[in-house]
Amino acid sequence: MRVFATGQGRKTDPVDAHSVAVVALHTKDLQHVQIDDATVALRLLVDHRDELGHGRTQTVNRLHSLLLELLPGGAK
Numbered sequence: 005m006r007v008f009a010t011g012q013g014r015k016t017d018p019v020d021a022h023s024v025a026v027v028a029l030h031t032k033d034l035q036h037v038q039i040d041d042a043t044v045a046l047r048l049l050v051d052h053r054d055e056l057g058h059g060r061t062q063t064v065n066r067l068h069s070l071l072l073e074l075l076p077g078g079a080k
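First residue of the sequence shown? That's 5 in our numbering, and the numbers climb one at a time after it.
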């Protein structure tokens, strides 16, 4: 088994994910993960929060663009 890459800028998620997958394929009797209702609800809330943040960014950028048209130098 390979030790997770750490330090010296060598840590990468793809390399670590590959290492975990290789170990999982060669390990017997792993427990299956059961996703409960609370986890599903949290995932939905996080996804919605991300959508709200994206929408806010779009609105701020749109407002900034309009202010650039109306005011010399825009709003700061």
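For glycine and all other residues, C-beta sits at the position ideal for the given N, C-alpha and C.
Between the alpha carbons of Leu72 and Arg66 lies a distance of about 10 Å. Contact check for Ala28 and Leu34: beta-carbon distance about 6 Å, within the 8 Å limit, so the pair qualifies. Distance from the CA of Leu56 to the CA of Thr63, rounded to the nearest whole angstrom, comes to 10 Å.
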